[in-house]
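First the structure, in the form of structure tokens, and then the observations on it.
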Amino acid sequence: MDGELRAFLNVCAHRHSRLVKDARGSSERLRCQYHGWEYNAEGRTGRIPAAQCFRPFDRENACLQQFRVATCGQLVFVALTPNGPTLEEYLGPLYAGWRESFDAPYRFAGSWEGEFDCNWKVAVENALEDYHIPLLHPKSFGTYAEEEECTHVLTDRYSTYTRPIKIGPAAKWLIRWMGGTRTRGAYEHQSIHPNLMMSGVDIAWVAITFDPLSPTTCRVRMYGFTLRGERNNPAAQFAGWFFRVLGVHTSKRVFREDASIYTEMQRGLAASPFRGVIGTREERVFAFQQFVSQGCPRSEVPPVDSDLEDPSATGAA
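For what it's worth, our numbering labels the leading residue of the sequence shown as 1103, then goes sequentially.
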């Protein structure tokens, strides 16, 4: 209502129902779909049906749980813990590039998502290497670039991948005419551990999140932005429309192509007796695995009771 972004847990303080079920919408107040409790912009209770039956009322303990909110360009981030790094600290040296890629002259082009029968790390690791391109993306990308043309940057918090793409003088002029400042002629992919990524070229950028739903299911979300500039003449409007259609179509196609292998990977992992083999084109997968193993160390397996080691002690034949 006042133009300030706020984030609340979508759970009513009354009887724990989800406040709303719509993925998006607009309302002057938050009203619970179950009993009609209303909340103001601060997350405090407003109108409560039959409020007299709750007297005496502990208003301080009937507030919505609020989270920290920060923006980077047109992207909105929510921190689920009260403490921890700021968004700029979390994104580190990649912050400036993210802000540039998802702000003017780029505009939101659309979002899409999918739920898949695989562990979330399967989808993440697929996005961290280009070794699969010839088989999964023969029409989208053709084949991978020569290894010496690709640049990997590996750190304990993030990794990046850059490969050159051909871009002619006319295309460079058009991008600059539309207001674009990045005409590097390269495809960029950045991954901030554990589950946040950005990829794209000069005319379009995509932010991607990977959310675990269960040990064997996950949700992948993509948010697309395309170059549309600030010019209002017909030529600029047509160019912006073309970039949007091309960017969204290409991103969705690559999304579907990657998703085609997720279930097969999960099935293979469940049956595999192998440790796996990682090549130099897949070194970002290794960096990600290092991050996960350090952040989630395996607990020691407790010793087995000696009586249970003898099958006869359990009545086994």
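Glycine included, each C-beta is placed from N, C-alpha and C at the ideal position.
None of these values were measured; they are calculated from a predicted model.
Given a cut-off of 8 Å, decide if residue j and residue i are closer than it, judged by their beta-carbon atoms.
{"i": "residue 1329", "j": "residue 1277", "result": "yes"}
{"i": "residue 1293", "j": "residue 1383", "result": "no"}
{"i": "residue 1140", "j": "residue 1149", "result": "yes"}
{"i": "residue 1228", "j": "residue 1363", "result": "yes"}
{"i": "residue 1313", "j": "residue 1297", "result": "yes"}
{"i": "residue 1211", "j": "residue 1280", "result": "no"}
{"i": "residue 1108", "j": "residue 1171", "result": "yes"}
{"i": "residue 1388", "j": "residue 1380", "result": "yes"}
{"i": "residue 1167", "j": "residue 1243", "result": "no"}
{"i": "residue 1324", "j": "residue 1214", "result": "yes"}
{"i": "residue 1259", "j": "residue 1194", "result": "yes"}
{"i": "residue 1238", "j": "residue 1144", "result": "no"}
{"i": "residue 1265", "j": "residue 1250", "result": "no"}
Which residues in the same chain as residue i place their Cβ atom closer than 6 Å to its Cβ, once the five residues preceding and following it in sequence are excluded?
{"i": "residue 1403", "result": "Only weak support exists for where residue 1403 lies, its pLDDT of 49 falling under 50; the value from the coordinates is given anyway. Closer than 6 Å at the Cβ level, and outside the excluded window around residue 1403, lies no residue."}
{"i": "residue 1291", "result": "1263, 1301"}
{"i": "residue 1353", "result": "1308, 1326"}
{"i": "residue 1246", "result": "1232, 1235"}
{"i": "residue 1393", "result": "1295"}
{"i": "residue 1407", "result": "Interpretation of residue 1407 is limited by its pLDDT of 49, a score under 50 that renders its predicted location unreliable; the figure taken from the coordinates is listed afterwards. Excluding residues within five positions, none has a Cβ falling inside 6 Å."}
Given a threshold of 16 other Cβ atoms within 10 Å of its Cβ, counted over all protein chains shown, does residue i qualify as buried or as exposed?
{"i": "residue 1146", "result": "exposed"}
{"i": "residue 1322", "result": "buried"}
{"i": "residue 1248", "result": "exposed"}
{"i": "residue 1231", "result": "buried"}
{"i": "residue 1395", "result": "exposed"}
{"i": "residue 1261", "result": "buried"}
{"i": "residue 1125", "result": "exposed"}
{"i": "residue 1346", "result": "buried"}
{"i": "residue 1398", "result": "exposed"}
{"i": "residue 1180", "result": "exposed"}
{"i": "residue 1349", "result": "buried"}
{"i": "residue 1413", "result": "Residue confidence is low: residue 1413 scores 38 on pLDDT, short of 50, so the model does not pin down where it sits. No coordinate-derived value is stated."}
{"i": "residue 1155", "result": "exposed"}
{"i": "residue 1341", "result": "buried"}
Taking 7 Å as the limit between beta carbons, can you name the residues of its chain near residue i, skipping five residues before and five after?
{"i": "residue 1419", "result": "Caution applies to residue 1419, whose pLDDT of 33 falls short of 50 and renders its modelled position unreliable; the model cannot decide the point."}
{"i": "residue 1303", "result": "1267, 1289"}
{"i": "residue 1225", "result": "1218, 1312, 1320, 1322, 1364"}
{"i": "residue 1106", "result": "none"}
{"i": "residue 1114", "result": "1121, 1134, 1136, 1139"}
The ligand HEM heavy atoms versus the CB of residue i: any closer than 7 Å?
{"i": "residue 1255", "result": "You won't find the ligand HEM in this model; it holds no ligand whatsoever."}
Counting only the same chain and skipping the five closest in sequence on each side, list residues whose C-beta sits under 8 Å from that of residue i.
{"i": "residue 1216", "result": "1321, 1322, 1357, 1361"}
{"i": "residue 1123", "result": "1135"}
{"i": "residue 1332", "result": "1206, 1207, 1281"}
{"i": "residue 1254", "result": "1261, 1262, 1263, 1385, 1386"}
{"i": "residue 1112", "result": "1120, 1121, 1122"}
{"i": "residue 1188", "result": "1172"}
Can you tell which of the options has its C-alpha closest to the C-alpha of residue i?
{"i": "residue 1120", "options": "1133, 1318, 1398", "result": "1133"}
{"i": "residue 1355", "options": "1318, 1240, 1245, 1332", "result": "1240"}
{"i": "residue 1118", "options": "1189, 1130, 1157, 1164", "result": "1164"}
{"i": "residue 1152", "options": "1137, 1375, 1208, 1258", "result": "1137"}
{"i": "residue 1372", "options": "1359, 1317, 1331, 1344", "result": "1317"}
{"i": "residue 1299", "options": "1131, 1208, 1197, 1188", "result": "1197"}
{"i": "residue 1270", "options": "1169, 1287, 1155", "result": "1287"}
{"i": "residue 1160", "options": "1116, 1169, 1275, 1130", "result": "1116"}
{"i": "residue 1169", "options": "1275, 1129, 1183", "result": "1183"}
{"i": "residue 1176", "options": "1209, 1113, 1343", "result": "1209"}
The stretch 1215-1231 contacting the stretch 1363-1373, beta-carbon criterion three pairs below 8 Å: yes
Contact the stretch 1298-1312 vs the stretch 1202-1209: 3+ CB pairs below 8 Å: yes
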